[in-house]
Amino acid sequence: MKVIYILWLRQIKRYLRSKPRMIGSLGQPLLFLLALGFGFGPIYQKAGEGNYLQFIGPGVIAMAIIFTAIFTGIEIIWDRQFGFLKETLVAPSSRFEIMIGRTLGGATVATLQGVVVLLMTLVVGFRPTNILLLPLGLVFMLLTALVFTALGTAIATQLQDMQAFPIIMNFLIMPIFFLSGALFPLESFPEAVVLATRINPLVYGVDGLRGSLVQGAHLGLVNDFFILGLITLALLALGSYLFSKIEV
Amino acid sequence: MNVVMAIIEVRNLKKNFGEFTAVDDISFVVEQGDIFAFLGPNGAGKTTTIKMLTTLLLPTSGEVLVNGNNPVKEQNKVRHSFGIVFQDQSLDDELTAWENMEFHGVLYGVPKATRRQRIEEMMKFVELWERKDELVKNFSGGMKRRLEIARGLVHHPKILFLDEPTLGLDPQTRNHIWDYIKKLNQEEGMTVFFTTHYMEEAARAAKRVAVIDHGKIIAAGSPDELKQQTNKESLEDAFLALTGRSIRDEEVGSVERLRNHRKAWRH
């Protein structure tokens, strides 16, 4: 437990100490919220779908979470480059605990970031329909954060440096984000594509978050919850296995 | 009666990186309570050997026992038995000096009271206690080095690995640290396994020495034995006689490049 705690604490401290990173990672969701929210709003309304801000709100929160989560997960590469990874690797603690601690820390950071974006959406005019369901929204935020921190960490164990990072961004993270239903409904896609998006973990994160903040979960909140939970566990197991195989 | 036990046993250890053989069929024994210097020119295979002894790298073949355990199969038992100071930096720059120590102590399961007391003791010893709450990124190279040495000793390991520990330290600090390491060696029987390029340091501190070159151990014994063997006055001359005078290539410092790169991105 202590090992998990100290690794968690390390992530939190690093986050709180890097203000530029904190502010910088808010820029992207804010841009999407304002540009798309106000840009597409009228069109969305004309199409008879209602208020676009209410739709995109949960989407940009999810966005802030997955990007922060992936980044904190991938930080292992920095640890490797700057030598700190070795300190963790020679330590006599279980790799699973190390993995859990790191992931919880990264996920907490990503969730905090999501909360900040939630507050921003409120300022812009997003209104959760049921305040009582807000805690459930937080649960989905945390689960989404866990999935993507674990994914980022698992990927990072396989990389030597940041060279491959743009590839991961463009061929994994961007498709995951754009095909998650965060920015537009997926239902208008051909059925085959809709089915294909069901392997995308973020689909469940966005669906769950939207379901708890403004209603309208297509897949069911219970399904969302268990699927995200299972993916988290699977990625944690995979991540700690890959972590235990790291050689430096 | 003196029963001397081997604390590190290496038999026919080999490590290939693709075509290149970094460590080529080496065997040696380090006795408990020894101060053992592992010497060799750049790229000779010292660090690769240390990595295999400390569970960071899997050997291609051969057998290793550290404190009676196999670093491949009984990783955590081996990890419990040693402390290590790496050749290149392994501190977290974004944490304070004290936090780095605390992190280490917790990872090694040192109980809180003992941990706090030892951290203070060690940090006072390397004269960093006054600056315990400063971020490590503001430390000079020498201060980071001292902190790493202090950190490696927090859990009172049975074996201490030091990979060029005194690089970049002034003679005062170097002597200060060696005095302490020798004290731990005498009082607690801590075995010390170290590499260095300062032959004088090896001659002064080491009870036994092994010289490795091109992945093979080419000489082993006490510093005096090595001098006799080569008919030289000093260990440095003996070393040069054994390894020749050609200058070796060293791996490019990718980390240094990256560090500069990172700096460019900040502020």
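Residue numbers (numbering that gives the first Met the number 0), protein chains in the order written: chain A, 0 to 247; chain Z, 0 to 266.
Beta carbons are placed, not taken as given, at the ideal position from N, Cα and C, and that holds for glycine.
As the structure is a computational prediction, the values presented were derived from the model and not from experiment.
- With a contact defined as Cβ atoms closer than 8 Å, A/F81 and A/S24 miss out at about 21 Å.
- Of all C-beta pairs linking the stretch 203-223 of chain A to the stretch 122-141 of chain A, three or more are shorter than 8 Å, placing the two stretches in contact.
- Between the C-alpha atoms of Z/V210 and A/L234 there is a straight-line separation of about 45 Å.
- For the stretch 89-103 of chain A, the beta-carbon criterion of a distance under 7 Å to any beta-carbon of chain Z is satisfied by V89, A90, P91 and S92.
- A direct Cα-to-Cα measurement between Z/A202 and A/S17 gives close to 46 Å.
- According to the DSSP assignment, Z/F160 belongs to the beta strand (DSSP E) that extends over I158 to D162.
- Going by DSSP, Z/K13 is part of no alpha helix (DSSP H) but of the beta strand (DSSP E) stretching over A5 to F16.
- Only K50, T53, T54, L55, L56 and L57 from the stretch 44-63 of chain Z bring a Cβ to less than 9 Å from some Cβ of chain A.
- The beta-bridge partner set that DSSP reports for Z/K143 is empty.
- In summary, the residues of the stretch 97-108 of chain Z whose CB is separated from some CB of chain A by less than 8 Å are E98, E101, F102, H103, V105, L106, Y107 and G108, in the order they occur in the chain.
- Boundaries of the beta strand (DSSP E) harbouring Z/V210: R207 to D212, taken from the DSSP string.
- Sequence-distant Cβ neighbours of A/F242 in its own chain, meaning closer than 7 Å and more than five residues away, are R94, I97, M98 and T156.
- Counting only the Cα atoms, A/R20 lies some 48 Å from Z/S245.
- Around the beta-carbon of Z/A96, 16 or more other beta-carbon atoms lie within 10 Å, marking it buried.
- For Z/N99, the secondary structure class from DSSP, reduced to helix, strand or coil, is helix.
- The Cβ-Cβ distance between A/L35 and A/T120 does not fall below 9 Å.
- Spanning the alpha carbons of A/G228 and Z/T53 requires a straight line of approximately 36 Å.
- Rounded to whole angstroms, the Cβ separation of Z/E224 and Z/T195 is 18 Å, and the two are not in contact under 8 Å.
- Short of 7 Å from the beta carbon of Z/H103, and not among the five residues preceding or following it, lie these beta carbons of its own chain, in chain order: R150 and V153.
- Look at A/L178 here: in three-state DSSP terms it is coil, with no helix or strand label.
- Excluding residues up to 5 positions away in sequence, S179, G180 and T196 lie with their Cβ nearer than 7 Å to the Cβ of A/V202 in the same chain.
- Under the three-state reduction of DSSP, Z/N69 is assigned to coil, being neither helix nor strand.
- Given a length threshold of 4 residues, each whole run of the alpha helix (DSSP H) inside the stretch 25-79 of chain Z is given here in chain order: 45-52.
- Per DSSP, the continuous alpha helix (DSSP H) segment holding Z/T113 begins and ends at K111 to F124.
- The Cβ neighbour count for Z/R145, taken over all protein chains shown within 10 Å, is at least 16; the residue is labelled buried.
- Not a single CB atom of chain Z sits nearer than 9 Å to the CB of A/V114.
- For Z/G220, the three-state secondary structure derived from DSSP is strand.
- When Cβ-Cβ separations below 9 Å define contact, A/G82 makes contact with chain Z.
- Under the Cβ criterion (8 Å, minimum of three pairs), the stretch 108-119 of chain Z does not count as touching the stretch 179-196 of chain Z.
- For the stretch 82-93 of chain Z, the residues whose beta carbon sits under 8 Å from a beta carbon of chain A are, in order, I83, F85, D87, Q88, S89, L90, D91, D92 and E93.
- The beta carbon of Z/V105 sits closer than 8 Å to the beta carbons of R114 from its chain, once the five residues preceding and following it are set aside; these are given in chain order.
- Counting only residues of its own chain and dropping the five nearest sequence neighbours on each side, A/V116 has a CB closer than 7 Å to the CB of L25, P28, V59, I60 and A63.
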